[in-house]
Amino acid sequence: MDDLIQSIDAAPDLQALDALRVAALGKSGSVTAMLKSLGAMDPAQRAAEGPKIHGLREAVTAAIAAKKAALENAELDRRLATERLDLSLPAPVCPSGSVHPVSQVLDELAEIFADLGFAVAEGPEIEEQWYNFTALNMPESHPARAMHDTFYCEPREPGEEPRVLRTHTSPVQIRAMTSQPPPIRIIAPGRVYRSDSDATHTPMFHQIEGLVIDKGIHLGHLKWTLETFLKAFFERDDVAIRMIPSYFPFTEPSADVHVGWSWENGRRVIGGSENWMEVLGSGMVHPRVIANCGLDPDQWQGFAFGTGVDRLAMLKYGMSDLRAFFDGDLRWLKHYGFNALSVPTLSAGVGA
Ligand code: DAH
């Protein structure tokens, strides 16, 4: 019997230990056979052998339990040793994405205008002509409609006026004025569509619209707002603007906004007043547009502005070809993309 206890102690693993348990204590095991033999003994013999055989069964059971615990502990130690992490090693290189410059600039714009009290408004990209043109003082015969290289949708049923892919974000002005009472202060960023394609034009691009409707609003408010916005966006205090008389059907008077730029180390940078380039369209909202939205233009006035988000990104971050924005080329995204964790804040500077 010492043999049995010895082989239990020597079992190399849980599987071998279990085989020994079955061989000793199983249905046809050696200890079980000894217990069965008690029945055939006469009482005197049973009294002598009984305690020994039961003692043996207990000793074997205890030896198996002890060995099992020892083997399990050894297995745990082995796993703990092999699964150890060396935290001093460099982290494995994970594939990482980046934030597209358009998304980055949209976040920057939202941050800047939120600080000025503007809410973000949205409208549909498939738009009714009334919102895209008519309500904006561009009636059907208006030549500006042809200027927009519009994509027209198939009518959904005969006789329906075809809807358009919105050619600008200005229809969101109309949606804002017809859905909420003034005063209104919104920006409306989003995708717009025109049938045009070259290095500075893509059939889909991004615009941002601004609209303020309130009482006693004048050109001075517009100029201050745009100056404040452009200084915050380009992160320079020496941003100078010029407002040049222009024409948009939905504003009167209208102004193109030019911003000063200069050469710095062979690069064009915004700031100073050596050269000028146009960055925005703007003006006082046309009284007819205010009336089209059901408001009294004698009571409510406002200003509006609109510009290309992609173009703002190009000016700030130095890309030269707009088409690359929408190619999905990973090398371009790696070069011009932004860290997903550096969210623009005014306190830390909106730029990345
Ligand atoms: N919607 C104009 C465009 O797409 C841009 C624009 C100009 C918007 C003047 C305005 C504005 O709100 O006042 O070219």
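The sequence shown begins at 118 in my numbering and counts up one residue at a time.
Every residue, glycine too, gets a C-beta built ideally from N, C-alpha and C.
Are the beta-carbon atoms of residue i and residue j separated by less than 8 Å?
{"i": "Y122", "j": "A198", "result": "Before going on, a small fix: residue 122 reads as Ile here, not Tyr. It is not a contact, given that the beta carbons lie outside the stated cut-off."}
{"i": "N254", "j": "F367", "result": "yes"}
{"i": "V356", "j": "I387", "result": "yes"}
{"i": "R283", "j": "E244", "result": "yes"}
{"i": "W417", "j": "K332", "result": "yes"}
{"i": "M360", "j": "W378", "result": "no"}
{"i": "K433", "j": "F346", "result": "no"}
{"i": "V426", "j": "V222", "result": "yes"}
{"i": "P461", "j": "E242", "result": "no"}
{"i": "F455", "j": "V216", "result": "yes"}
{"i": "M354", "j": "D313", "result": "The sequence as given places Asp at residue 354; Met does not occur at that position. Not closer than 8 Å, so no."}
{"i": "G419", "j": "V309", "result": "no"}
{"i": "L188", "j": "L131", "result": "yes"}
{"i": "G327", "j": "F235", "result": "yes"}
{"i": "P300", "j": "L412", "result": "no"}
{"i": "V219", "j": "A430", "result": "yes"}
{"i": "L463", "j": "T342", "result": "no"}
{"i": "E369", "j": "H335", "result": "no"}
{"i": "G240", "j": "A457", "result": "no"}
{"i": "E324", "j": "T251", "result": "With the sequence shown as reference, residue 324 is identified as Gln, and Glu is not the correct amino acid for it. Their beta carbons are not under 8 Å apart, which means Q324 does not touch T251 by this criterion."}
{"i": "I170", "j": "L152", "result": "yes"}
Would you kindly report the start and end of the unbroken beta strand (DSSP E) that includes residue i?
{"i": "R385", "result": "384-387"}
{"i": "E369", "result": "368-381"}
{"i": "M321", "result": "321-331"}
{"i": "S363", "result": "358-365"}
Grab the span of the alpha helix (DSSP H) containing residue i for me, first residue to last.
{"i": "W449", "result": "447-453"}
{"i": "M431", "result": "426-434"}
{"i": "F351", "result": "336-351"}
{"i": "L137", "result": "131-142"}
{"i": "T406", "result": "Residue identity check: residue 406 is Val in the sequence provided, not Thr. Unbroken alpha helix (DSSP H) run through V406: 404-409."}
{"i": "S154", "result": "147-154"}
{"i": "Q123", "result": "119-127"}
Flag residue i as yes when its Cβ comes closer than 7 Å to any non-hydrogen atom of the ligand FMN, and as no otherwise.
{"i": "A293", "result": "The ligand FMN is not among the ligands present in this structure, which contains only the ligand DAH."}
Counting only C-beta atoms, is residue i closer than 8 Å to chain C at any point?
{"i": "S215", "result": "Annotation note: the requested chain C is absent from the structure, which comprises a single protein chain."}
Original post:
Is there contact between the stretch 296-304 and the stretch 273-281, where contact requires at least three CB pairs shorter than 8 Å?
Top reply: no
Original post:
Counting pairs of beta carbons, one from the stretch 214-233 and one from the stretch 248-262, are three or more of them closer than 8 Å?
Top reply: no
Original post:
Are three or more beta carbon pairs between the stretch 388-402 and the stretch 306-320 nearer than 8 Å?
Top reply: no
Original post:
In chain order, which continuous runs of the alpha helix (DSSP H) of length 4 or greater are located wholly inside the stretch 239-311?
Top reply: 246-249, 260-264, 288-296
**OP:** Go through the stretch 191-220 residue by residue and report every complete run of the alpha helix (DSSP H) that reaches 4 residues or more, in order.
**Re:** none
Subject >> Sufficient close CB pairs (3 or more, under 8 Å) joining the stretch 127-142 to the stretch 180-194 >> reply: yes
Subject >> Segment contact flag, the stretch 287-295 with the stretch 185-203, C-beta cutoff 8 Å, min 3 pairs >> reply: no
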